[in-house]
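Residue numbers (the working numbering): 13 to 282. Backbone N, C-alpha and C fix where the C-beta goes; we use that ideal spot for every residue, glycine too. If you're wondering where the values come from, they're calculated on a predicted model, not measured in any experiment. Working notes, structure below.
Right, dumping it as structure tokens:
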């Protein structure tokens, strides 16, 4: 089976998430809105499920692998709905100019998060489409974890001594850490893609990450996107959550149903 040690790499992300998101989330849980809780919990649950899937198939626990895999039909829609609701919360902070960070980056990050969410759902759908092609299925599933890397690395790079004194190509502070995280994640995706059978999902992920990096500095910083983002505030959060969950559920159902069931052997007559 491919990616024999993939589950270890995925599990390693969990303590990094705790470290990276401690100041803004885990260290202030009571102040966080419900949408952010659902987003964080569903993202963490996805990584745990992904690690379980990678481990179970390599340990030849096929029944467990198949049974646990069904959880994605609930988990992915939950994550999609929560992500849109959390994104709306960030836009609200941007519109209210609640703090310097959201005033500068709230709208940009909303666009980045939207691209990442679409990519995530597309990868899971592709994994379902390729569920009988071992290498392509495993690559699509593992590639979903790469979408988590930029938010983690982008929060860890500022811990480098003297980081806030750096200025690279007109980028400094958070903007610099964001682009550094994107470059590192793109490099990781390309390294996983190179020379691997059925690894097209990693190349697609690298393309998505590159698009996110470009969008952050271009469309995301433009007036047209800011106006579109503000318009999203008119949509009730519950409705936005529901629409996101339904769209994700529909994409997964389509991916699952496009693969015809296995033909059952016919019993011969005696």
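- Under the 10 Å beta carbon count, residue 197 is surrounded by 16 or more other beta carbons and is classified as buried.
- In the structure shown, residue 183 falls within a strand segment according to DSSP collapsed to helix, strand and coil.
- Taking all protein chains in view, the Cβ of residue 238 is crowded by 16 or more other Cβ atoms within 10 Å, so the residue is classified as buried.
- Less than 8 Å separates the beta-carbon of residue 19 from that of residue 66.
- Uninterrupted beta strand (DSSP E) stretches at least 3 residues long and entirely within the segment 207-240 do not occur.
- Under the three-pair Cβ rule at 8 Å, the segment 186-197 does not count as touching the segment 88-107.
- By the criterion of at least three beta-carbon pairs nearer than 8 Å, the segment 20-29 is in contact with the segment 54-68.
- Within the same chain, Cβ atoms closer than 6 Å to the Cβ of residue 253 are found at 93 and 97, the five residues on either side in sequence being excluded.
- Assigned with DSSP and collapsed to three states, residue 198 falls in helix.
- Inclusion of residue 233 and residue 127 in the CB contact set at 8 Å is not warranted, their separation being larger than that value.
- Rounded to whole angstroms, residue 75 and residue 108 show a C-alpha spacing of 50 Å.
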